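Reading through the structure tokens given below for one structure.
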Amino acid sequence: MKKLLLFAVALCLSFTFQAQVTTPQPSPFSKVEQKVGLTDITLEYSRPGVKGRKIFGDLVPFGKLWRFGANKNTTITFSDAFTFAGQNVKAGSYAIYA
1131 MKKLLLFAVA LCLSFTFQAQ VTTPQPSPFS KVEQKVGLTD ITLEYSRPGV
1181 KGRKIFGDLV PFGKLWRFGA NKNTTITFSD AFTFAGQNVK AGSYAIYA
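What follows is the structure in structure tokens.
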């Protein structure tokens, strides 16, 4: 009886240990940080994989709004307010679309 119980416990634990295997994401996450003057700029994005697909004109239709990045929006974060092309931009995080 003890051998059967030990076997059952070992079998259950083997399933649990197998479930813990993590594989790399198909579109890995990346982060770039840069200091420009006194402002810290952070760009966070996921690199999409083409995988033999036609992206522009097929997966992403021409003339439609789409987000950069694969798993979620690409975001850019500024630590301080700044001026860009004559526009005042407040400090914070912004999503990038095209």
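Counting in the working numbering, the sequence shown runs from 1131 upward without gaps. Note that the Cβ used here is the ideal one computed from N, Cα and C, for glycine as well. Remember, it's a predicted structure, so these values are computed and weren't measured experimentally.
Quiz item: Under 9 Å between the Cβ atoms of D1170 and T1213?
Solution: no
Quiz item: Is Y1175 buried or exposed, if buried means 16 or more other CB atoms sit within 10 Å of its CB?
Solution: buried
Exercise. Could you name the residues that DSSP lists as bridge partners for A1165?
Key: Strictly speaking, residue 1165 in this sequence is Lys, with Ala absent from that position. According to DSSP, K1165 bridges with D1170.
Quiz item: Taking DSSP as the reference, what is the three-state secondary structure of F1137?
Solution: helix
Quiz item: Excluding five sequence neighbours on each side, which residues of the same chain lie with their C-beta closer than 7 Å to the C-beta of S1209?
Solution: T1169, D1170 and A1221
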